[in-house]
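Using our numbering, you'd call the opening residue of the sequence shown number 1 and step up by one each time. Beta carbons: idealized from backbone N, C-alpha and C, even for Gly.
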Amino acid sequence: MPAYLDHNATTPVDPRVVDAMLPYLKGPYGNPSSLHRFGRAARDGVERARAQVATLLGAQPQQLIWTSGGTEANNLALKGLCTGKPQGRVLYGATEHPAVMEAAESLKRDGWLVEKIAMTSDGLIDWPAFTAQCAAGPVRVASLMAANNETGVIQDTARAAPLVHAAGGWLHVDATQAAGKLPLSFVESGADLLTLSSHKLYGPKGIGALVVKAEVDLSPLLHGGAQERGLRGGTENLPAIVGFGAAAELALLELDERTAHVQALQAQLEAGLREMPAVRLFAAAAPRLPNTSQFALAGWEGEALLMHLDRKGFAVSSGSACASGSGEPSHVLLAMGVDETTAKGAIRVSFGKGNTSDEVKGFLTVLSGFSS
Ligand SMILES: Cc1ncc(COP(=O)(O)O)c(C=O)c1O
Numbered sequence: 001m002p003a004y005l006d007h008n009a010t011t012p013v014d015p016r017v018v019d020a021m022l023p024y025l026k027g028p029y030g031n032p033s034s035l036h037r038f039g040r041a042a043r044d045g046v047e048r049a050r051a052q053v054a055t056l057l058g059a060q061p062q063q064l065i066w067t068s069g070g071t072e073a074n075n076l077a078l079k080g081l082c083t084g085k086p087q088g089r090v091l092y093g094a095t096e097h098p099a100v101m102e103a104a105e106s107l108k109r110d111g112w113l114v115e116k117i118a119m120t121s122d123g124l125i126d127w128p129a130f131t132a133q134c135a136a137g138p139v140r141v142a143s144l145m146a147a148n149n150e151t152g153v154i155q156d157t158a159r160a161a162p163l164v165h166a167a168g169g170w171l172h173v174d175a176t177q178a179a180g181k182l183p184l185s186f187v188e189s190g191a192d193l194l195t196l197s198s199h200k201l202y203g204p205k206g207i208g209a210l211v212v213k214a215e216v217d218l219s220p221l222l223h224g225g226a227q228e229r230g231l232r233g234g235t236e237n238l239p240a241i242v243g244f245g246a247a248a249e250l251a252l253l254e255l256d257e258r259t260a261h262v263q264a265l266q267a268q269l270e271a272g273l274r275e276m277p278a279v280r281l282f283a284a285a286a287p288r289l290p291n292t293s294q295f296a297l298a299g300w301e302g303e304a305l306l307m308h309l310d311r312k313g314f315a316v317s318s319g320s321a322c323a324s325g326s327g328e329p330s331h332v333l334l335a336m337g338v339d340e341t342t343a344k345g346a347i348r349v350s351f352g353k354g355n356t357s358d359e360v361k362g363f364l365t366v367l368s369g370f371s372s
């Protein structure tokens, strides 16, 4: 059996989530906006899921807007805050996912002043630089991720919030990788807007959410019906929403158990990696997700190593899945000051609840064969 060690790219749908979704594929097919009983049955499914997802992060259900995933939620946050507004500054972390980075860069083309937030060599916010940046003039929005998809580095977004607010801006937090892996509180994160995606926590793909405080002046990207308080027109994807709700409920219920499981696998992996002199583990000293390890093996290109490991039955990622195949070094590692050659050698292992200690053992054996 091949071992899937790429859970930050996506996760398998939990069979219990499939069971929760099936009735909504076979049964209530009404439009949640319809007033009749078919519509009401569908609406019940949507609203139950809204409460389940909101509970995962202690938010109010009415703060949640369904989107097609993390990418749309990030675009809605950044562009929805800027479109039609007087221009100002947009700040984003230099290690953000392309769904934030490219959304911000598109605002630059529209005339917004867009600046990156510098990171230290550990992938953490460079606080003196960020403090000075916030003090340099009004900010419209700053976007920082709760946890990085490549390195797993966890940011202190709560510390960033007062700096952004003092500059008159809103703080957007991309919590796509943190949700289901770390205890998450909308209030404590300091975020005014927060992104979630279902397929990173054993839910279906193509569904996510933006959690937004009532006072945020957000404009829709999609104009249409009055769904989602007019902030996201379009008939809701009922089975996927129900699946996301079920996945969120399970993630909260099983958080401690899942964390302990992947943490043990990560410790086993990293103990083995430390014995290989050719391995360099990135962000080793920073607080990181309990399931994520990114490293380079001297003398190897990440993608070549990935294909060799795949042939041996181990599915990992080189950099972020979105950049795979591009041959470009990871922008995350470059932002941390890693040289291009080393960055090109990056491999990411991200564990999930189905992985085993034997898989880690097998992986280390194969890897040590490549490292000698
Ligand atoms: C940090 C982060 N943000 C956003 C996304 C995009 O989410 P989605 O695939 O749901 O569009 C991802 C997916 O890899 C991610 O890791």
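Span separating the alpha-carbon of residue i from that of residue j
i    : j    : result
G354 : Y4   : 9 Å
I65  : V316 : 32 Å
A321 : V349 : Low confidence applies to A321: its pLDDT is 46, below 50, so where it sits in the model is not reliable, and the reading given next is rough at best. Their Cα atoms are separated by approximately 12 Å.
L376 : L273 : Outside the displayed span of the chain (1 to 372) sits residue 376, for which this structure offers no information.
A247 : A209 : 13 Å
S165 : A136 : For the record, residue 165 in the displayed sequence is His; it is not Ser. Going from the Cα of H165 to the Cα of A136 covers about 13 Å.
G313 : V360 : 12 Å
A175 : M1   : 32 Å
A142 : H199 : 25 Å
S197 : V211 : 11 Å
L33  : E236 : The sequence given here places Ser at residue 33; Leu does not occur at that position. Using only the alpha carbons, I get a separation of about 9 Å.
A158 : L252 : 21 Å
P409 : A146 : What is shown of the chain runs 1 to 372, which leaves residue 409 out entirely.
Burial state of residue i, where buried means 16 or more other Cβ atoms lie within 10 Å
i    : result
V187 : exposed
T11  : buried
E215 : exposed
S330 : buried
M307 : exposed
T83  : exposed
M21  : buried
Q62  : exposed
K85  : exposed
W261 : Checking the displayed sequence, the identity of residue 261 turns out to be His instead of Trp. Per the 10 Å Cβ criterion, buried.
T71  : buried
E340 : exposed
Q52  : buried
S68  : buried
D14  : buried
S293 : buried
T195 : buried
As assigned by DSSP and simplified to three states, the class of residue i
i    : result
A136 : coil
E102 : helix
F295 : strand
A318 : Here the sequence assigns Ser to residue 318, which means Ala is not the residue at that position. DSSP places S318 in coil when its eight states are reduced to three.
H7   : coil
M307 : helix
W66  : strand
T195 : strand
D44  : helix
A142 : strand
L201 : coil
V90  : strand
V349 : strand
A178 : coil
R232 : coil
V53  : helix
V187 : helix
A147 : strand
V242 : helix
Beta-carbon separation (whole angstroms), residue i vs residue j, contact threshold 8 Å
i    : j    : result
K79  : A99  : In fact, because the Cβ distance is near 12 Å, the residues do not count as touching under 8 Å.
V153 : R48  : Contact doesn't hold; Cβ gap of about 34 Å is too wide.
A335 : M119 : 5 Å
L250 : R40  : Incorrect: roughly 26 Å between the Cβ atoms, too far for contact.
E115 : L91  : 5 Å
I125 : A160 : 7 Å
T259 : P220 : That belief does not hold up - the Cβ atoms of T259 and P220 are roughly 36 Å apart, past 8 Å.
Boundaries of the beta strand (DSSP E) in which residue i is found, first to last residue
i    : result
K344 : Counting along the chain, K344 falls outside any beta strand (DSSP E), though it belongs to the alpha helix (DSSP H) covering 340-344.
H97  : Counting along the chain, H97 falls outside any beta strand (DSSP E), and DSSP gives it neither H nor E.
S371 : Per DSSP, S371 belongs to no beta strand (DSSP E); it is in the alpha helix (DSSP H), 357-371.
K116 : 113-117
G208 : 208-212
R395 : Any question about residue 395 goes unanswered here, given that the chain covers just 1 to 372.
D19  : Premise fails: D19 lies in the alpha helix (DSSP H), 15-26, not in any beta strand (DSSP E).
L171 : 170-174
Span of the alpha helix (DSSP H) around residue i
i    : result
A260 : 255-274
L163 : 157-166
E236 : Looking at the DSSP string, E236 is not in any alpha helix (DSSP H), and its letter there is neither H nor E.
V332 : 331-335
Heavy atom of ligand 3 within 8 Å of residue i beta-carbon
i    : result
Q155 : Absence of ligand 3 is noted for the structure shown, with ligand 1 being the only ligands found.
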